[in-house]
Structure formats: structure tokens, C-alpha cells
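**Q**
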Amino acid sequence: MSKDSLPQSDRPTENAAGHWVLARAGKRVLRPGGLALTRQLLDRCSPGGRDVVELAPGLGRTAREIVAQHPRSYTGVDRDDSAVAHVTKVVQPSGGTCRQGDANDTGLDDASADVVIGEAMLTMQSPRAKGEIVAEAARILRPGGSYAIHELALAPDDIDPEVGTEISKALARSIHVNARPLTVAQWRELLEEHGLEVEWTATAPMALLKFGRNLADEGPLGVARMVWNLLRQPALRRRVLDMRATFTQYENQLRGVALVARKPA
């Protein structure tokens, strides 16, 4: 996957969004709880044989996992045309589609999906935008359908609000995106405020740039690819090391969290 084909390929490494910087480094799994938590999430929402919508599928790594479970249909919705092109290549052989659009205004019909999935996307939205996206997911879900999310969480649930604000500001400085993680309890409340019933929750360490997590998510060849890219590109190396330092500084207060919520029948 060439750098020029990635989202934000026109931006200098110094100010591109952190997740796309990691993609330039060769990282393919860009979820805070890793591939294992994504797979747990998919096991719980059971996309096989169902109509699935994925919001902001990015490079299509989770889309690949979804279509492998043979959904009745797969529709991705992403605002970035480069991401749409990537995901289309992944899902088209299985009959899936990906369209350009916003997560809070997908253009999809009411009650048209059995499963809506979104990962590492709500965290980067304002409180208002978070609510709009959850409302849109609830709108397009059929009664009895599932909304599955995988996001970044603050811990513990009673974390000092000032500490939470400090962490959000540090993340924003490092990843150049206004990350606003919530506690696990707040993520649950957000879903429940929009009439959804949380049925399952799981957490995992936020170990996005730890060696063990990368070995598990990317495999030995993937890790070697990342190391090679970082050695050859000083600006890329500086950004990744800066993000790693921030994640390490707050590793006791950050978690990956996955939740599955059902729309009442």
C-alpha cells in the first residue's frame, strides 16, 4: 500500500492525523484494543447472514474480517474518498460496497441494517457529534439490530475530570486530532441516551504501539515493514515515537473498550 494512496497523503507527516501517520509507517490495525478486541466485538454482534453497515471503515481491516463471515450485505460509509477506494477493493469481491458520506448523515434508509459497526471514530468527535452519530446508527438499525463500537476509554470510571481533560489535550497535541475519550460508564450512557440497550462490554489495554500488540496484530512481516519504514523516514519516526511516549505516559488511564448495544424490538 503506497503512501500516496492513503488518506491525507497530501499532508506533511508533521501535521497529518496520527492514525494516518501510523498507516504510513505500515500499521494496518489502528484500533485501540487491537485486533483481538475487534474479533470479540464481531463475535458478539454476529454479522454473518445479516445486513451490515460499517461507519468510517478506514483502510478496510475490519471490513475484511466482516466479509469473511459472509454477511447478507456489507455497506461501508466513509467521508474520505481514498478510504472508500481502499475498502471497495476489499469488499467488492464479496458483493460489498463502500460509499462516500458522513457517519452522522449516511443517506441510508431508516431501519435498513441489522448491524452497525464503528471503531476508533466516536472518540475523535465532539460531544454533539458523538450524539449525532449514535442517533444516526439507531435510525438505520432495524428493531432488534445491534450497534457495535470499539473506542478509546478513560479509566477508572471515577477519574478526576481535570485528569481526563489533561489526557485529551495531550492526545490532541500528539495525534493532531481532538480526541475526546470517555469512561466506560460514559460510553454506556451515550448509547443508552439514544434508546439502545447495552448487552456486552469488554476492555483491553491501550497498547497500540507496544511491541507485543504489534506482533499480534501485524505479524512478524508487518512489524519488520514498520521498522524498515521508521528507520528510513526520520519525520515519520519522530511522530510515531512522540505518540508512543504519550500513550505510555497515560497507559494506566487509557483502555480500548468495545460495546454492543441492541435497538429494542
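Numbering (the working numbering), first residue to last: 17 to 281. Ideal Cβ placement from N, Cα and C applies to all residues, glycine included. This one's a predicted model, so the numbers in the text were calculated from it and none came from an experiment.
Using a 10 Å radius around the Cβ and a threshold of 16 neighbouring Cβ atoms, would you call T181 buried or exposed?
**A** exposed
**Q** What whole-angstrom Cβ distance do G272 and L168 have, given they're in contact under 8 Å?
**A** Between G272 and L168, the beta carbon gap of about 7 Å places them in contact (Cβ cut-off 8 Å).
**Q** What distance in whole Å lies between the Cβ atoms of V68 and V131, which are believed to be in contact at a cut-off of 8 Å?
**A** The beta-carbon separation of V131 and V68, rounded to 5 Å, stays under the 8 Å limit for a contact.
**Q** Just checking, does the segment 231-243 make contact with the segment 36-54 on the three C-beta pairs under 8 Å criterion?
**A** yes
**Q** Quick check on the DSSP output: the beta strand (DSSP E) that includes R196 runs from which residue to which?
**A** Premise fails: R196 is in no beta strand (DSSP E) and is neither H nor E.
**Q** Output the distance between the C-alpha atoms of R88 and S98, rounded to the nearest integer angstrom.
**A** 25 Å
**Q** For the candidate residues M222, G228, W244 and A240, whose alpha-carbon lies nearest to that of T262?
**A** M222
**Q** In three-state terms, what does DSSP make of P109?
**A** helix
**Q** Compare the C-beta of E208 with all C-beta atoms of chain B and state if any pair is closer than 9 Å.
**A** The question asks about chain B, but that chain is absent: this structure has only one protein chain.
**Q** Give the straight-line distance between the Cα atoms of N70 and R95, rounded to the nearest whole angstrom.
**A** Note that residue 70 is Glu in the sequence shown here, rather than Asn. For the pair E70 and R95, the Cα-to-Cα distance works out to about 12 Å.
**Q** When DSSP labels each residue in this structure, what does L275 get in the three-state scheme?
**A** strand
**Q** Determine, using beta carbons only, whether K146 and L138 come nearer to each other than 9 Å.
**A** yes
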